[in-house]
Amino acid sequence: MRERFPNLDIRENVWFVHDGKVITSAGGARSFEAAMYLCDVLYGPDVTNDLAGGLVLEYNLADYPHLIINQEKEN
Numbered sequence: 013m014r015e016r017f018p019n020l021d022i023r024e025n026v027w028f029v030h031d032g033k034v035i036t037s038a039g040g041a042r043s044f045e046a047a048m049y050l051c052d053v054l055y056g057p058d059v060t061n062d063l064a065g066g067l068v069l070e071y072n073l074a075d076y077p078h079l080i081i082n083q084e085k086e087n
């Protein structure tokens, strides 16, 4: 991928990246971590933990390799 898109900032060894208004993930089976993180950002930990319980998942952000570059709230 680097050869085809040399200007792309590729981050390895992370499952998702949050940069401002954009959240990207490794995709496939690893997309649920980014989705759970987005739920946490939008609705808070109580809703996220309830959702994780309903999906029979254990959600703990610290367990997932991720990168938060810029999390400023936009108006």
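Position in the sequence shown (first residue = 1) + 12 = our numbering.
Using N, Cα and C, we set each Cβ at its ideal position, and we do this for glycine too.
Please return the same chain residues whose Cβ sits closer than 6 Å to the Cβ of residue i, not counting the five positions on each side in sequence.
i	result
Arg38	Strictly speaking, residue 38 in this sequence is Ala, with Arg absent from that position. Around Ala38: Trp27.
Asp52	Thr60
On the CB-based measure, 16 or more other CB atoms within 10 Å of its CB, does residue i come out buried or exposed?
i	result
Glu45	buried
Tyr55	exposed
For residue i, I'd like the list of residues in its chain whose CB is within less than 7 Å of its CB, leaving aside the five on either flank, ordered along the chain.
i	result
Asp31	Ile81 and Asn82
Ala47	none
In whole angstroms, give me the CA-to-CA distance for residue i and residue j.
i	j	result
Ile35	Tyr49	9 Å
Pro57	Asn25	25 Å
Asp75	Arg23	18 Å
Leu79	Glu70	20 Å
Phe17	Ala41	24 Å
Leu10	Ala64	Shown here, the chain extends from 13 to 87; a query on residue 10 therefore has no answer.
Asn87	Lys33	Residue placement at Asn87 is flagged as unreliable, the pLDDT there being 49, under the threshold of 50; the coordinate-derived value follows with that caveat. Taking the straight line from one Cα to the other gives about 11 Å.
Glu15	Val29	21 Å
I want to check one thing, is the minimum distance from the CB of residue i to the heavy atoms of the ligand MN below 6 Å?
i	result
Cys51	In the structure on display, the ligand MN does not appear, and there are no ligands present to speak of.
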